[in-house]
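Quick note on the UniProt record's numbering: the sequence shown kicks off at 1 and runs consecutively.
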Amino acid sequence: MSSKIDIQKRCKWCNAVFTAHKTTTEYCSHRCANLAYKDRVRKQRIESLQHELGKSIKTPPNLNKEYLTPSEVAVLLNIGRTSIYRYIRNGTIKVIRFERKTLVRRADIENMTDYLSPENEKTPTKEKAPITNFYTTAEVKEKYHVNESWIFVVAKKNNIPRTFNRGKTYWSKKHIDAYFAKKAPNPDITEWYTTQEMQEKFGMTLSAIYCFVSKNAIPKKKEGIMVYYSKKHVDIAKGIAAPEEPQYYTVAEAMEKFNLTRDQLYHYAKYHNIPKVKKGKYTLISKPELDKLLAAPKIE
């Protein structure tokens, strides 16, 4: 049923005067109504984006306070936080420790501009101590039972310092000893196979032995021209002996025994690379490694 009411109204979009048949009509045509709808949606999207942007923009810190945090000092001086902590470590910036907070007086920052010159910013380099103790090549051969050609190959590969004097080659004693100490066999291993014993017992050729010990990471030691392989590790790899079951503490047991908090225990395990395994919902920590680390100090 059509309306017979004629009302003169002004279009809210094009501002033209038109005759409306309903009191709720606001636009003179479908085109004006469509354009008004699109404009309204566009404004809503803009307001939504501005609202989200306002949330993501952080309010700038108040730098007019008497005490500032290291992050606020970095903003004030327009430098990185890493540089601020370096200045704190070397004493250029004085700090106040309050409970768990580190604070810096703004007055101290304003009075320290002379200390922030490029000359003072450089980290002092440590002078290397000169090497004064040496082995001759003959001394290395005699002490560690190795060939002369092997010494030169290993020294080049591991950057062991050397010098020449009157036709002789001298090797840094500190570096040579450190290399052989690192290569020393585990003192807990007391039983060894010779290469000949492995050939006779397992019927292996030399090339098979070399591949076997390399593949299974068998500990070995060298005395003169003789090479020995750990008997325990060879037997385990061959299936003759069963591997020892590792011993573990639960977290609760370790905390109770060593009087540690959970955070302290995990810190020790992470910092000292103590092996951990996950068994169901429980975390187990290597018992021998933890006992060795936290054993009571003793003087022998």
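Ideal placement from N, C-alpha and C gives every residue a C-beta, glycine not left out.
- Any idea what DSSP makes of residue 311, helix, strand or coil? Beyond the ends of the chain as shown, which are 1 and 300, falls residue 311; an answer cannot be given.
- Query: With a Cβ-Cβ cutoff of 9 angstroms, do residue 282 and residue 274 count as a contact?
  - Reply: no
- Query: Using DSSP with H/G/I as helix, E/B as strand and the rest coil, what is residue 146?
  - Reply: coil
- Message: Nearest by alpha-carbon distance to residue 60: which of 72, 208, 49, 66 is it?
- Response: 72
- Query: Helix, strand or coil: how does DSSP classify residue 247 here?
  - Reply: coil
- Task: Return helix, strand or coil for residue 31, following the three-state DSSP convention.
- Result: helix
- Message: Taking only three categories from DSSP, how would you classify residue 274?
- Response: coil
- Are the beta-carbon atoms belonging to residue 16 and residue 26 less than 9 angstroms from one another? no
- Of the residues 141, 143, 40, 178, the one placed nearest residue 159, counting alpha carbons only: 178
- Query: Can you tell which of 80, 220, 14, 296 has the C-alpha that lies nearest to the C-alpha of residue 257?
  - Reply: 296
- Message: I need the straight-line Cα distance from residue 289 to residue 212, nearest angstrom please.
- Response: 28 angstroms
- Message: For residue 109, report the span of its alpha helix (DSSP H) as first-last.
- Response: 106–110
- Query: For residue 6, which of 13, 24, 12, 14 has the nearest alpha-carbon?
  - Reply: 24
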